[in-house]
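Protein sequence lines correspond, in order, to chains H and Z. Heads up: the first sequence begins at 1 in my numbering, then just goes up one per residue. Heads up: the second sequence begins at 1001 in my numbering, then just goes up one per residue. Beta carbons: idealized from backbone N, C-alpha and C, even for Gly. Values in this document were obtained by computation on a predicted structure and should not be read as measured data.
2 protein chains.
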Amino acid sequence: MTETAAARQPEITLSDEDRRGLYRAILGRRDVRGQFLADPVDDAVLARILLAAHHAPSVGFMQPWSFILVRSPQQRARIKAAFDRANAEAALMFEGERGQKYRSLKLEGILEAPVNLCITCDRDRAGPVVLGRTHMPEMDLYSTVCAVENLWLAARAEGLGVGWVSIMDPEALRSILNLPDSVVPVAYLCVGKVSHFLAQPELQDKGWRQRLPMEDLVAFDTWNGPAAAADAPFLDILRQTQIRAADGEL
Amino acid sequence: MTETAAARQPEITLSDEDRRGLYRAILGRRDVRGQFLADPVDDAVLARILLAAHHAPSVGFMQPWSFILVRSPQQRARIKAAFDRANAEAALMFEGERGQKYRSLKLEGILEAPVNLCITCDRDRAGPVVLGRTHMPEMDLYSTVCAVENLWLAARAEGLGVGWVSIMDPEALRSILNLPDSVVPVAYLCVGKVSHFLAQPELQDKGWRQRLPMEDLVAFDTWNGPAAAADAPFLDILRQTQIRAADGEL
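Next up, the structure:
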């Protein structure tokens, strides 16, 4: 007796056009803070970016994510106050010129963005024992982060900016959103149409930090394991690929 | 004196073709375990998917990721043994029929996949105080997960399968790869060409768990916060979008 063969996708490699679209979304994605427009987000577009999130990988097919749309002015004001408290504490940790620069940066768009969205992880969604989470208990949190990244890329393709607000006491967020103990607030996102997307990440533009050379981030077999002589062509291609990406195309 | 305006991207919304490409990668991405081919992966393709990872969002533009290509047979054998130990422990946690099903699943492709890749997070990469990590210390780990998801989507578009092996004691992995204390092994990935991609996630095909209805995962203003009457059209669009996605297109 043979098992019915599982259905297959028709394509293995996507078309050049499809690949180009994916790479454009990846290279053009930005963390948006200051460019939000007040225009409402279309329901169909919001549904598509949530669907993209829902198709993230998840450990044991757990799908631990939920999506809380934060809309009431009262809730937004509470969230903004929680950010302001945390940001004042954070600013004190940067000294001198670095502290001045920190204070000059706009780091959230909570009140300006038409959509605020908290993506959470319900650690109990599939019971206590989850396939693939037995030895890495953080895997369900990581699955939820994959959902955030899928949504972020879909938003870029749809012309929506996303900003991840991480300067916030998670316990404050938990209290404001009334989350049960088993639910972790993974990402608080501001989402909306934008006036434009910056060509480079804002922190790069403002001289906070620069993009690292890829070849410094690749090792072989162990941490800092050196390349073999035979790896020289690969490392050269890696450098060339990064140069092309800096020009906006892969 | 005015600051020079930062350069902008030419496009806000990507073209219909570009969006389609992104959604195809998102909807067609699978966790691959059993479909790897031995064919080598082209250097240019490997460089592009690593570049996609490097363009993930990162807290404070920290770029905390590194990429260890694990190639020697000795290292692969050690990794496989670490998986086997953890998997034997994991199998004992599932009882009865569930345990039988667990044992029947293929959960890794460590020796079959031509490329093994560990993506790590160096928590010290930008010094002790990182913009955006002050109140959520896990943000650099989350940035690294975004890099994993970017690489996974790029691999799907390039016709490469990726499988995330999470059934492993992270301390064993740390020891095998000789990671310093400040470096966390976030993801151990098997990467390679595939015979085919399954139409549905394998755990869904095999009846382990089913895809959840999106509308059950959306709430308003608080955890389980109910929809208002005015939200009915949005929820209807969400249902329709999920139906279209199940047919493979958004």
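What Z:Val1145 touches in chain H, judged by beta-carbon distance under 8 Å, is Tyr142, Val145, Cys146, Glu149, going in chain order. Looking at the backbone, the Cα of H:Gly248 and that of H:Leu189 are separated by about 25 Å.
With fewer than 16 neighbouring CB atoms inside 10 Å of its own CB, H:Arg103 falls in the exposed class. Listed along chain H is no residue with a C-beta nearer than 8 Å to that of Z:Gln1100; the closest approach is about 13 Å. Between H:Lys106 and H:Gly161, the C-beta gap is not smaller than 7 Å, which leaves the two residues out of contact.
The residues Pro213, Met214, Glu215, in chain order, have a CB closer than 8 Å to that of H:Arg239 in the same chain once the five nearest residues on each side in sequence are set aside. Under the 7 Å criterion on CB atoms, H:Asp39 is classed as non-interfacial with respect to chain Z.
Contact between H:Val129 and Z:Phe1197 fails: their C-beta atoms lie close to 28 Å from each other, not under 8 Å.
Given a length threshold of 4 residues, each whole run of the alpha helix (DSSP H) inside the region 134-180 of chain H is given here in chain order: 139-157, 170-177. Under the three-state reduction of DSSP output, H:Lys101 falls in the helix class.
Distance from the CA of Z:Glu1202 to the CA of H:Glu112, rounded to the nearest whole angstrom, comes to 42 Å. In terms of beta-carbon proximity, H:Gln75 lines the interface with chain Z, with at least one pair separated by less than 7 Å. At least one beta carbon of chain Z lies nearer than 7 Å to the beta carbon of H:Phe67. The C-beta of H:Ile49 comes no closer than 7 Å to any C-beta of chain Z.
Taken through DSSP and simplified to helix, strand or coil, H:Lys80 comes out as helix. Residue contact with chain H for Z:Leu1250: present (Cβ-Cβ distance below 7 Å to some residue of chain H). With contacts defined by Cβ atoms closer than 7 Å, Z:Ala1025 and Z:Leu1151 do not form a contacting pair. Judged by their CB atoms, Z:Gly1028 and Z:Arg1133 are not nearer to each other than the 7 Å cut-off.
When 8 Å is used as the limit between beta carbons, H:Glu89 is near these residues of chain Z: Thr1134, His1135, in chain order.
Membership of H:Val45 in the alpha helix (DSSP H) is indicated by the continuous run 43-54. Here the C-alpha atom of Z:Ala1246 lies approximately 12 Å from the C-alpha atom of H:His54. Neighbourhood of Z:Ala1229 in chain H, by CB distance below 7 Å: empty, with the nearest CB roughly 14 Å away. By the neighbour-count criterion, in which 16 or more other beta carbons inside 10 Å mark a residue as buried, Z:Gln1075 falls on the buried side.
Between Z:Gln1204 and the set H:Gly60, H:Trp223, H:Arg174, H:Phe83, the nearest pair of CA atoms involves H:Gly60. Assignment of Z:Phe1197 by DSSP, reduced to helix, strand and coil, places it in the coil class. DSSP places Z:Ile1026 inside the alpha helix (DSSP H), whose first and last residues are 1016-1028.
With contacts defined as CB atoms closer than 7 Å, H:His135 and Z:Ile1167 qualify as a contacting pair. A straight line joining the alpha-carbon of H:Ala38 with that of H:Leu117 spans about 16 Å. For the options H:Ser72, H:Val165, H:Arg174, the alpha carbon positioned closest to that of H:Asp122 is the one of H:Arg174. Within the DSSP secondary-structure output, Z:Pro1185 pairs in a beta bridge with Z:Thr1120. Straight across, the Cα-Cα distance linking H:Leu131 with H:Gln210 is about 39 Å.
C-alpha of H:Phe36 to C-alpha of H:Gly127: approximately 40 Å in a straight line. Distance from the CA of H:Ala6 to the CA of H:Lys206, rounded to the nearest whole angstrom, comes to 51 Å.
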